[in-house]
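What follows is a single structure, written as structure tokens, with notes after it.
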């Protein structure tokens, strides 16, 4: 995943936690109306869900790579060593632009 995708996913998970917190607050009034056994089961389910969300957030909130630290060249080196490549350079038919300037590669 790209850093931007991870940031988007983390933002989604944070908003999900916020929504769950609001839901818990709303459900607290329902818990007061439930029997103690039902309230305990609901509490256990909510705690399990919150723990799962927190572990997901911890997994995605690790150190972010610094910009420029992983370059395309370092990524390409891994691909080049793993897969044989063949480069074909194509020359354009016309190197003259309609405005008169010369196209360059």
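Residue numbers (the UniProt record's numbering): 1 to 105.
Ideal Cβ positions, reconstructed from N, Cα and C, are used throughout, including at glycine.
Please read these numbers as outputs of a predicted model, since none were measured by experiment.
The beta-carbon distance between residue 46 and residue 24, rounded to whole angstroms, is 6 Å. This is short enough to meet the 8 Å contact definition.
A direct Cα-to-Cα measurement between residue 9 and residue 20 gives close to 16 Å.
Rounded to the nearest whole angstrom, the C-alpha separation of residue 35 and residue 51 is 24 Å. Straight-line spacing of the CA atoms in residue 103 and residue 89 works out to 15 Å. Counting only the Cα atoms, residue 39 lies some 9 Å from residue 33. If you draw a straight line from the Cα of residue 11 to the Cα of residue 54, it is about 13 Å long. The Cβ atoms of residue 57 and residue 6 do not sit closer than 7 Å to each other.
When DSSP states are grouped into helix, strand and coil, residue 102 belongs to the strand group. Here the alpha carbons of residue 3 and residue 97 stand approximately 39 Å from one another. The beta-bridge partner set that DSSP reports for residue 96 consists of 102.
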